[in-house]
Structures are given as C-alpha cells and as structure tokens.
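Those letters in the sequence shown? Residues 2 to 409, by this note's numbering. Using N, Cα and C, we set each Cβ at its ideal position, and we do this for glycine too. The structure appears right after this line, and notes come after that.
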Amino acid sequence: MNEPSKPEIKKSGGFSCSYCGDAPINHLLSFLESIFSVTLDNHAKKFFKYVPRFVKDFVDLVPEFLFRTLAFFKLVEFSPFIDKAYTFRSRIIWEEAKRRGIVMEQVIFRSRPLDYYRAILNGKFFYFESIPIQSEFLDTAQNWDDKVILKGELKKHHIPIPDYCELSFFGFKKNTEKIFSKLARYNKTLIVKPRVGSRGRHTITNIHTLEQFQAGINVAGEICSYLIAEEYLSGSVCRATLVSGMLAGFYRGQAPTLVGDGHQTIQELIDKKDKKRRNRVEPIRLGQELHDHVGRFGFKLQDILGAGVTLPLSHRIGRLFGGETEEMIDNLHPSFIPIFERAAKVLDLSVVGFDAIIPDPTKEASSQKWGIIECNTLPFIDLHYFALKGKPRNIAGMIWDNFFNAPR
C-alpha cells in the first residue's frame with residue numbers, strides 16, 4: 002500500500018499549518034510577539050510589582066476607558082447575545098451569570114466579537130477577558146504562562162516538573178549538539194516547544210537523536226524566538242483547574258493510539274479507527290505533523306504494526322484530534338490534591354489551570370514519574386464540561402463565587 006502524499010505546509014499566516022493544530026496563527030507575528038513577551042514583558046512585570054497601589058488602580062480603569070471611548074466613536078458596541086460568545090469557556094461563564102441574574106455583555110469591535118466582556122455588578126461595570134477575576138488576584142509580577150519562569154518557581158518549592166533547559170534566540174541554533182548532549186544524558190527522551198504559547202502549537206515530542214532535536218528546534222522556532230527543551234514524560238496529559246486555591250476540576254486527555262495486529266498497516270489501522278470513532282470525536286488528522294511524529298517512533302504509514310505494539314499518533318490529546326477525554330476529579334488519587342493546591346499557592350493565582358503528564362492519576366503520586374509542564378492563567382474550563390466521560394463540577398459557579406467573596 003502506497004503512503005499518502007504529504008500535504009504542503011504553508012508558513013504564511015493565511016494558510017493552515019499542521020504544526021499549529023486546530024488553532025493556526027501567523028508565524029511571523031507570533032515570532033515577533035514572543036520577543037516582546039519574553040524580554041520586555043517579563044521585565045515590565047517585575048517593575049510593576051513595585052508600582053504604588055493608586056497607579057495599579059488607574060491601570061485597572063484602562064479597559065473601561067478604552068472601550069467606552071471606542072463606543073463613543075461607534076467603533077465598539079456591547080452585545081447581550083450569548084450565542085456570539087467567542088469561546089466555549091466564555092459561554093459557560095455567561096450561562097452561569099444568567100442563572101444568577103448577572104447581566105453580561107460582549108465587546109463587539111467593528112462587527113467582530115471579541116473575547117472581552119462586561120458584567121453589571123452593583124450598578125457598576127466590570128470589564129474582563131473571558132473569566133471574571135479581580136485584578137488583585139491576577140499576579141502581574143510574573144508571567145506564569147512562560148514555561149521557563151513557571152518551572153523555575155515550581156522547582157524552588159520541590160513541586161514535580163520535568164528536567165528542562167531554556168534555549169535563547171541568540172544561541173539555540175549554534176550550540177545544539179552541546180545542549181542535546183546535556184539534556185539527553187541518562188538516555189532521556191526529549192521534547193522541544195515554544196517557551197510561550199499554548200494549544201500545543203509547534204511542539205515536537207519523542208526526540209531521540211541530534212537530527213530530530215535540530216528539526217524540532219526549526220519547527221518550534223518558526224513561531225517563537227525563545228524555546229524550551231525538556232525531558233519527555235510518558236503518560237496522559239492532564240489538566241488540574243483550581244479556584245480559590247482548591248481543586249475544582251481534573252481532566253485526563255489521551256492521544257489517538259493504535260494497537261497493532263501484525264497484519265494491517267498503520268494507515269489501515271487509522272482508517273479502521275476513524276470508522277469506529279465515538280460521537281463528538283473528530284477524525285485523525287493526516288498531516289506533516291503526524292508523519293513526523295510516527296517517524297520518530299521509527300515507522301511510516303505503510304508499515305505493518307506488530308501484534309500488541311502501541312503507537313500514539315500525536316502529542317495532541319482529546320476528542321478534537323481523534324483521542325479520548327475524561328473528567329475524573331472524583332477518581333483522582335488524593336495524594337495529588339495537596340501538590341496542585343500548593344502549586345496554586347506558590348503562584349498566588351485565584352484561578353489557574355495546570356497541565357501535567359501523569360501515567361496513572363488513580364495511583365499514588367509518589368509511586369510514579371510525573372510533572373507539571375505548563376500553567377494557564379486563563380484556563381479553558383470548558384475542557385471539564387465537554388469531556389467524553391465523567392461528570393464535571395460547577396467550575397463557572399465557583400469562579401463567580403470567588404469573584405464575589407474576594408475582599409475589595
């Protein structure tokens with residue numbers, strides 16, 4: 002059986018890119034933005050820590066002033082229609098607001114819905130991005146979405162993370178052999194990804210060789226000027242969402258995975274799996290990223306997969322990529338809970354989502370190799386609501402409770 006032809010991967014922001022997954026972005030703009038985010042933005046956040054309170058209060062008024070000014074010039078309007086919510090995350094927050102009698106409106110800029118909203122609370126407008134969090138509970142002293150800063154802080158507090166190394170814009174293409182040798186000691190498998198950014202864009206996993214490492218740097222470096230290389234942990238990709246320092250949701254996602262029978266090719270197994278996929282599960286995406294991912298395991302799509310051999314087809318997890326999802330907060334081993342809650346306390350965030358790689362969340366934390374890999378300061382709580390299995394708690398309700406109960 003012939004291998005399907007590989008699609009042409011466009012690198013312009015106007016075209017699809019398999020390495021961007023389901024959320025393509027403009028590569029050049031992302032690269033330039035990362036220079037600001039990692040260098041200037043991180044220094045600005047440290048400076049902001051020492052700014053007097055009255056200055057911070059003034060800054061908090063900027064969104065309201067901006068949107069009201071744009072509204073005055075008829076460039077912005079405020080929509081009460083929930084069906085225009087920009088993300089499922091925002092829609093869930095909005096639905097909970099309606100149940101509580103809270104009036105919410107969405108910012109519409111020149112007929113384009115944005116993921117910014119305002120709620121009328123005690124006769125006053127409160128402006129926010131997707132999730133209502135009071136400004137004093139948004140830690141502006143650190144950029145916790147920066148994977149290097151996050152891991153450095155968690156390491157200080159002995160919270161499990163994978164070994165890692167930051168790769169700077171000025172050096173990661175010059176000293177790849179030295180960096181690879183340092184990270185690959187003890188036969189560790191590696192992963193390379195952008196230092197800032199989300200949705201698994203341009204992330205290369207299961208790296209074993211220097212050639213694969215260099216290729217990973219090239220892919221990740223297309224959208225980010227600073228990268229991070231880290232130890233590749235085996236297991237499920239899990240999301241722990243915490244509100245007010247307490248675990249509110251725990252979600253496990255798994256990548257689409259094949260099990261060989263010794264007779265069928267990988268392509269045939271993919272076709273077979275797609276035909277039997279569950280409702281709400283999307284077909285497996287055949288693109289450059291999948292070809293490369295399978296190749297790092299030593300296979301091509303026309304190869305016959307041996308009997309009992311398992312092969313993950315992507316680092317991307319969940320139903321949108323042909324995988325499985327489960328909300329399992331009630332089945333999580335209790336030993337994980339204080340660790341995640343301590344991590345939230347370290348970051349001093351009232352709403353936060355941690356991504357972690359865990360082989361088996363139902364077993365004792367200390368009995369397995371696992372670690373937190375990323376932090377989301379604006380977590381996609383909808384993951385918990387739309388999992389294929391399991392029942393979520395009312396995380397949106399907890400977020401509104403946190404907002405009203407927070408001291409002002």
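- Query: For Gly-263, which three-state DSSP category applies?
  - Reply: Within the sequence shown, the letter at position 262 stands for residue 263. Note: Gly-263 maps to coil in three-state DSSP.
- Task: Express the C-alpha separation of Gln-143 and Asp-349 in angstroms, rounding to a whole number.
- Result: In the sequence shown, counting from the first residue as 1, residue 349 sits at position 348. In the sequence shown, counting from the first residue as 1, residue 143 sits at position 142. So the alpha carbons of these two residues sit roughly 10 Å apart.
- Message: Considering only their Cβ atoms, is the gap separating Phe-251 from Leu-333 smaller than 8 Å?
- Response: Translated into positions along the sequence shown, residue 333 becomes position 332. Translated into positions along the sequence shown, residue 251 becomes position 250. The answer is yes: Cβ separation under 8 Å.
- Query: Gly-288 and Ser-19: beta carbons closer than 8 Å?
  - Reply: The count along the sequence shown starts at 1 and reaches residue 288 at position 287. The count along the sequence shown starts at 1 and reaches residue 19 at position 18. Yes; because the gap between Cβ atoms is below 8 Å, this pair is in contact.
- Please indicate yes or no: does the CB of Ala-249 lie closer than 7 Å to some heavy atom of the ligand COA? In the structure shown, the ligand COA is absent, as is every other ligand, since no ligand is present at all.
- Query: Do three or more CB pairs link the segment 383-403 to the segment 90-110 at distances below 8 Å?
  - Reply: yes
- Name, in chain order, the residues that DSSP records as bridge partners for Pro-195. Position 194 of the sequence shown holds residue 195. Note: Pro-195 is bridge-paired with Leu-228 in the DSSP secondary-structure output.
- Could you tell me whether the segment 382-393 touches the segment 311-331, using the rule of 3 or more Cβ pairs below 8 Å? yes
- Distance, Ile-83 Cα to His-158 Cα: The count along the sequence shown starts at 1 and reaches residue 158 at position 157. The count along the sequence shown starts at 1 and reaches residue 83 at position 82. Looking at the two C-alpha atoms, the distance is approximately 42 Å.
- Could you tell me whether the Cβ atoms of Ser-131 and Gln-107 are closer together than 8 Å? To locate residue 131, count along the sequence shown from 1; it is residue 130. To locate residue 107, count along the sequence shown from 1; it is residue 106. The answer is no: Cβ separation not under 8 Å.
- Message: Below 8 Å on the Cβ atoms is my contact criterion, and I expect Ile-26 with Ile-224 to pass it. Report the Cβ-Cβ distance as a whole number of Å.
- Response: Here residue 26 corresponds to residue number 25 of the sequence shown, with the count starting at 1. Here residue 224 corresponds to residue number 223 of the sequence shown, with the count starting at 1. The Cβ separation is near 7 Å, so the contact holds.
- Span of the beta strand (DSSP E) holding Asn-207? Here residue 207 is taken as the residue at index 206 of the sequence shown, counted from 1. First-last of the beta strand (DSSP E) with Asn-207: 205-208.
- Message: If you follow the alpha helix (DSSP H) that Ser-91 is in, where does it begin and where does it stop?
- Response: Along the sequence shown, one-based indexing puts residue 91 at 90. 89-100 is the span of the alpha helix (DSSP H), which, as asked, contains Ser-91.
- Item | Ala-221: first and last residue of the uninterrupted alpha helix (DSSP H) it sits in | Position 220 of the sequence shown, counted from the first residue, corresponds to residue 221. Its alpha helix (DSSP H) spans residues 211-221.
- Report yes if the C-beta distance between Leu-168 and Ile-218 is below 8 Å; otherwise report no. Here residue 168 refers to the residue found at position 167 when the sequence shown is read from its first residue. Here residue 218 refers to the residue found at position 217 when the sequence shown is read from its first residue. Yes, they are a contact pair.
- Item | Helix, strand or coil at Phe-300 according to DSSP, with G and I counted as helix | Within the sequence shown, the letter at position 299 stands for residue 300. Coil at Phe-300, not helix or strand.
- Query: How is Ala-120 classed by DSSP in three states: helix, strand or coil?
  - Reply: Taking the sequence shown and counting its residues from 1, the one referred to as residue 120 is at position 119. Strand at Ala-120.
- Is Gln-369 helix, strand or coil when you go by DSSP? Taking the first residue of the sequence shown as 1, we reach residue 369 at position 368. Looking at Gln-369 - three-state DSSP - the assignment turns out to be coil, as it is neither helix nor strand.
- Looking at Leu-234 and Gly-372, is the spacing between their C-beta atoms short of 8 Å? Your numbering for residue 372 matches position 371 in the sequence shown. Your numbering for residue 234 matches position 233 in the sequence shown. In this structure, Leu-234 lies closer than 8 Å to Gly-372 by Cβ.
- Task: Check whether the Cβ atoms of Pro-362 and Arg-240 lie closer than 8 Å to each other.
- Result: Position 361 of the sequence shown holds residue 362. Position 239 of the sequence shown holds residue 240. No. Outside cutoff.
- Item | Start-to-end residues for the beta strand (DSSP E) that takes in Leu-184 | Here residue 184 refers to the residue found at position 183 when the sequence shown is read from its first residue. It is not in any beta strand (DSSP E) - Leu-184 instead sits in the alpha helix (DSSP H) that spans 177-184.
- Message: On the CB-based measure, 16 or more other CB atoms within 10 Å of its CB, does Gly-435 come out buried or exposed?
- Response: Nothing can be reported for residue 435, as the shown portion of the chain is limited to 2 through 409.
- Cα-Cα separation, Phe-405 to Phe-126: Stepping through the sequence shown from its first residue, residue 405 is reached at position 404. Stepping through the sequence shown from its first residue, residue 126 is reached at position 125. Near 14 Å, if we compare the C-alpha coordinates of Phe-126 and Phe-405.
- Item | Straight-line gap, Ile-305 to Arg-119 (C-alpha atoms, nearest Å) | For the purposes of this step, residue 305 is identified with residue 304 of the sequence shown, where counting begins at 1. For the purposes of this step, residue 119 is identified with residue 118 of the sequence shown, where counting begins at 1. One C-alpha to the other measures close to 55 Å.
- Query: In terms of residue numbering, what span does the beta strand (DSSP E) encompassing Ala-249 cover?
  - Reply: Residue 249 sits at position 248 when you count from the first residue of the sequence shown. Taken as a continuous stretch (DSSP letters only), the beta strand (DSSP E) holding Ala-249 covers 247-255.
- Message: In the DSSP output, which residue or residues are listed as bridge partners for Phe-127?
- Response: Indexing the sequence shown from 1 puts residue 127 at position 126. According to DSSP, which records beta bridges pairwise, Phe-127 is partnered with Ala-120.
- Task: Using 10 angstroms around the beta-carbon of Ala-397, count the other beta-carbons present and answer buried if the total reaches 16, otherwise exposed.
- Result: Indexing the sequence shown from 1 puts residue 397 at position 396. Per the 10 Å Cβ criterion, buried.
- Message: Does Ser-169 come out as helix, strand or coil in the three-state DSSP assignment?
- Response: Your numbering for residue 169 matches position 168 in the sequence shown. Ser-169 falls in the coil class under three-state DSSP.
- Message: So, at 7 Å on beta carbons, what are the nonlocal neighbours of Lys-85 in its own chain, with the 5 sequence-adjacent residues on each side left out?
- Response: As a first step, residue 85 is located in the sequence shown; it is residue number 84 there, counting from the start. Around Lys-85: Gln-107, Pro-114.
- Message: For Arg-111, count the other beta carbons within 10 Å of its own beta carbon; 16 or more makes it buried, fewer makes it exposed. Which is it?
- Response: Mapped onto the sequence shown, residue 111 falls at position 110. Arg-111 comes out exposed.
- Query: By Cβ distance below 8 Å, which residues in the same chain neighbour Val-56 in space, the five residues on each side in sequence not counted?
  - Reply: Here residue 56 refers to the residue found at position 55 of the sequence shown. For Val-56, the predicted model reports a pLDDT of 37, less than 50, meaning its position is unreliable and no value from the coordinates is stated.
- Query: Who are Arg-113's beta bridge partners in DSSP?
  - Reply: Here residue 113 corresponds to residue number 112 of the sequence shown, with the count starting at 1. Looking at the DSSP assignment, Arg-113 forms a beta bridge with Phe-110.
- Query: Any idea if Lys-194 is buried or exposed, counting beta-carbon neighbours within 10 angstroms, 16 or more meaning buried?
  - Reply: The sequence position of residue 194 within the sequence shown is 193, counting from 1. When all chains shown are included, Lys-194 counts as buried.
- Task: Check Phe-74 in the structure and name its three-state DSSP category.
- Result: Numbered from its first residue, the sequence shown carries residue 74 at position 73. Reduced to three states, the DSSP call for Phe-74 is coil.
- With Val-238 and Ile-338 assumed to form a contact (beta carbons below 8 Å), what rounded beta-carbon distance in angstroms separates them? On the sequence shown, position 237 is the one that residue 238 refers to. On the sequence shown, position 337 is the one that residue 338 refers to. About 19 Å; that fails the 8 Å criterion.
- Message: If the criterion is Cβ atoms closer than 8 Å, does the pair Ile-330 and Leu-248 meet it?
- Response: Working through the sequence shown from its first residue, we reach residue 330 at position 329. Working through the sequence shown from its first residue, we reach residue 248 at position 247. Their beta carbons are under 8 Å apart, which means Ile-330 touches Leu-248 by this criterion.
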